[in-house]
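J.: Here it is: the structure, laid out below.
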Amino acid sequence: MKTTILLIVGMAVVCCRKAAADAQLTSWLTVNAGQYARVYTTTNARASGTTVTTWSGQSLPAYADVAEVSHSSTWLYVKYTGLASHIMGPWLTPQGGQFMFWPTNQHGISRFPRTPTLPTGNKTTTGTGYSGIYVNGVAIFNALDGKAWNGSSMVMGPHNQLTYYWHRNAPIGEGFNFDYALGHQPPTGVYHTHQNPIALRYQLGDHVDYNSATRNYSESTNPVTKHSPIIGWAYDGYPIYGPYGYSITNDPTSGVRRMVSGYVERDGNNGTDSVASNLSVIPAWYARFRQKLGSSYSTTASTARPAVDSTYPLGTFAEDWSYLGDLTNPSTGQPYKQGSDFALDEYNCRWCYTPEYPAGTYAYFVANNANGNGTYPYVFGYEFVGNATGGTVTSITEAVTTNFTGGANSTLKLSPPTISNNVVTLVWTATEGGIYRVDAGGDLSKWATNASGIAAVLNHGTNTTSKTTTNQFFRVVRTGLASYDPN
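Numbering (this note's numbering) for the sequence shown: 121 to 607.
See the structure below:
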């Protein structure tokens, strides 16, 4: 593929037309889509800042973030590798050794309804696997790691079945091999997070600090000053935000605060029972969920939870949490109310105004506690708030309008040139692995090679050359591209 851009050095006029904002089309992280995904393979590599673009199971480089965004009147489509532009890894075993699984290019396509709707009956279960994708194309999984307690041991057991009563939270059961961006992957190579995608939030400017010496991300301790950005999209078509929203749902002038989860641990406080003393009792929200799946309503579990101890501490299982909307505040004797006592409903969602939806929308928020750590249900619980008609697809089978292309098809754009002492510096957005040529001419009909063999550095190219006439034209041409793993 060859991409050409013309630039006039002398006097330049740039014209552009800005379309009306459509959050589903404009919220995607595209600035890094022309660079390769990278990982730290070991803790030593991370300490030294040494990254690689190929690794076990990924023999060719793959481009990071989203590869294409397109839409019809009915659907939004996103193509992605599922690999982030923030550096991923390393992944460790509980003993500190190298974890056996690696992330791989998923060659994925997801679609989302353009007009989200609420169900008239039961909600759609989130299930295991994709519940949506972040704006960098990385998969979002719900709170669970797929394992459940069968009465004597932990076994694989999807939460949307009635077989088991106690389902383990991934940040508790699998946290040992999350990387510093809080992501990891199963044998299928689907890099994903179950909770706060802190590295992505840093890239989006959402109240996260990064220590370049330790390469650690952390929730900022400074006062929160702005609403979180959209960090992803659920398969019901509703947006997902970081942890911070407007204090009053329908008042953008009300200030910004952390969105308090609607769930609290069953520790005997806040009107909850003590799960340690009620190992055969499930919370009301889960009893309702089971009822929707065909079981009779009962808060009695036929299989007791293991004892609350250092192996299975409180919070290990989703059913260790009660929904405040089911409880009475012991301080007031009144039921807890969403909006005043907590922000997010049992779907980790609320209807509210946001910067992108000034007239209001249902929106999910990252659930963090007051210390900035993830808390149940993290991003997704057991059900979507809306009709989850979206999901992964194998192809796009209708006519669509393409809104963005990345990866090998990333658009080449020249920045305004800088000129000093008749030296012109050209900088352009490039595609990593690309080789570029700069041509020069006195008009648009004749060109001569000015420089060639210019390799992209990440997703940028640059060249300096002498300005020889009053008006001089330059063009940049991509002449080659290294082999890569396509989306």
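Virtual Cβ for every residue (Gly too), placed ideally from N, Cα, C.
Note that this is a predicted model, so its numbers are computed, not measured.
(1) What's the call for residue 141, buried or exposed, on a 16-neighbour Cβ count within 10 Å?
(2) Considering just the uninterrupted stretch of the alpha helix (DSSP H) at residue 410, what are its terminal residues?
(3) Here's a check: name, in chain order, each residue in its chain whose Cβ is nearer than 7 Å to the Cβ of residue 575, leaving out the five neighbours to either side.
(4) May I ask which residues mark the beginning and end of the alpha helix (DSSP H) holding residue 322?
(5) Please report the residue range of the beta strand (DSSP E) in which residue 97 lies.
(6) Is it a yes or a no for the region 446-458 touching the region 323-335, going by three-plus beta-carbon pairs under 8 Å?
(7) My parser needs the beta strand (DSSP E) runs of 3 or more residues fully inside the region 445-511; what are they?
(8) Rounded to whole angstroms, what's the CA-CA distance from residue 538 to residue 173? Just pull it up for me.
(9) Just tell me which of 171, 175, 205 and 285 has its CA closest to the CA of residue 187.
(10) Can the beta-carbon of residue 255 be found closer than 8 Å to that of residue 352?
(11) Just to confirm my understanding: we take residue 605, look at its own chain, exclude 5 residues before and 5 after, and list those with CB closer than 6 Å. What are they?
(12) Between 549, 572, 552 and 264, which has its C-alpha nearest residue 560's C-alpha?
(13) Where do the N-terminal and C-terminal ends of the beta strand (DSSP E) with residue 574 fall, by residue?
(14) Quick one: give me the first and last residue of the beta strand (DSSP E) that residue 540 is part of.
(15) Run the CB neighbour count on residue 488, radius 10 Å, all protein chains shown included, and call it buried at 16 or more, exposed below.
(16) Could you say which of 287, 167 and 376 lies nearest to residue 440 if we only look at CA atoms?
(17) Just checking, does the region 238-254 make contact with the region 484-503 on the three C-beta pairs under 8 Å criterion?
(18) Is residue 178 buried or exposed, if buried means 16 or more other CB atoms sit within 10 Å of its CB?
(19) Would you say the region 288-300 touches the region 422-439, given that touching needs at least three Cβ pairs under 8 Å?
(20) My output table needs one value for residue 291: the three-state DSSP class, helix, strand or coil.
(21) Can you give, in chain order, each stretch of the alpha helix (DSSP H) that sits fully within the region 191-274 and has at least 4 residues?
(22) What does residue 276 pair with, by DSSP beta-bridge criteria?
(23) Where are the beta strand (DSSP E) runs, 3 residues long or more, that stay fully inside the region 316-367, in chain order?
(24) Going by C-alpha distance, which of 362, 442, 313 and 349 is nearest residue 388?
(25) Which residue from 344, 301, 349 and 243 puts its Cα closest to that of residue 335?
(26) Please report the Cβ distance between residue 199 and residue 217, rounded to the nearest whole angstrom; I am assuming they are in contact, meaning their Cβ atoms lie under 8 Å.
(27) Just to confirm before moving on: does the CB-CB distance between residue 585 and residue 544 stay below 8 Å?
(28) Given a cut-off of 8 Å, decide if residue 143 and residue 350 are closer than it, judged by their beta-carbon atoms.
(29) CA-CA distance, residue 577 and residue 159?
(30) Could you pull the DSSP bridge partners for residue 580 from this structure?
(31) To which residues of the same chain is residue 219 closer than 6 Å at the C-beta, ignoring the five residues directly before and after it?
(32) Could you pull out every residue in the same chain whose Cβ sits closer than 8 Å to the Cβ of residue 191, ignoring the five residues on either side in sequence?
(33) Hey, out of 401, 507, 367 and 400, whose CA is closest to residue 473's CA?
(34) Cβ of residue 264 within 8 Å of Cβ of residue 507?
(35) Please classify residue 534: does DSSP put it in a helix, a strand, or coil?
(36) For residue 133, I'd like the list of residues in its chain whose CB is within less than 6 Å of its CB, leaving aside the five on either flank, ordered along the chain.
T.: So, from the listed chains and residues:
(1) exposed
(2) 404-412
(3) 555
(4) 318-323
(5) Residue coverage of the chain in this structure runs from 121 to 607, which leaves residue 97 outside it and unanswerable.
(6) no
(7) 469-472 and 481-485
(8) 32 Å
(9) 205
(10) yes
(11) 180, 182 and 225
(12) 572
(13) 568-575
(14) 538-540
(15) buried
(16) 287
(17) yes
(18) buried
(19) yes
(20) helix
(21) none
(22) 267
(23) 328-331, 336-339, 350-354 and 359-361
(24) 442
(25) 301
(26) Not a contact, Cβ separation roughly 35 Å.
(27) yes
(28) yes
(29) 17 Å
(30) 549 and 577
(31) 211, 212, 213 and 297
(32) 144, 145, 197, 234, 520, 521 and 523
(33) 367
(34) no
(35) strand
(36) Annotation note: pLDDT 31 at residue 133 (below 50); position unreliable, coordinate value reported separately. So no residue of the chain qualifies.
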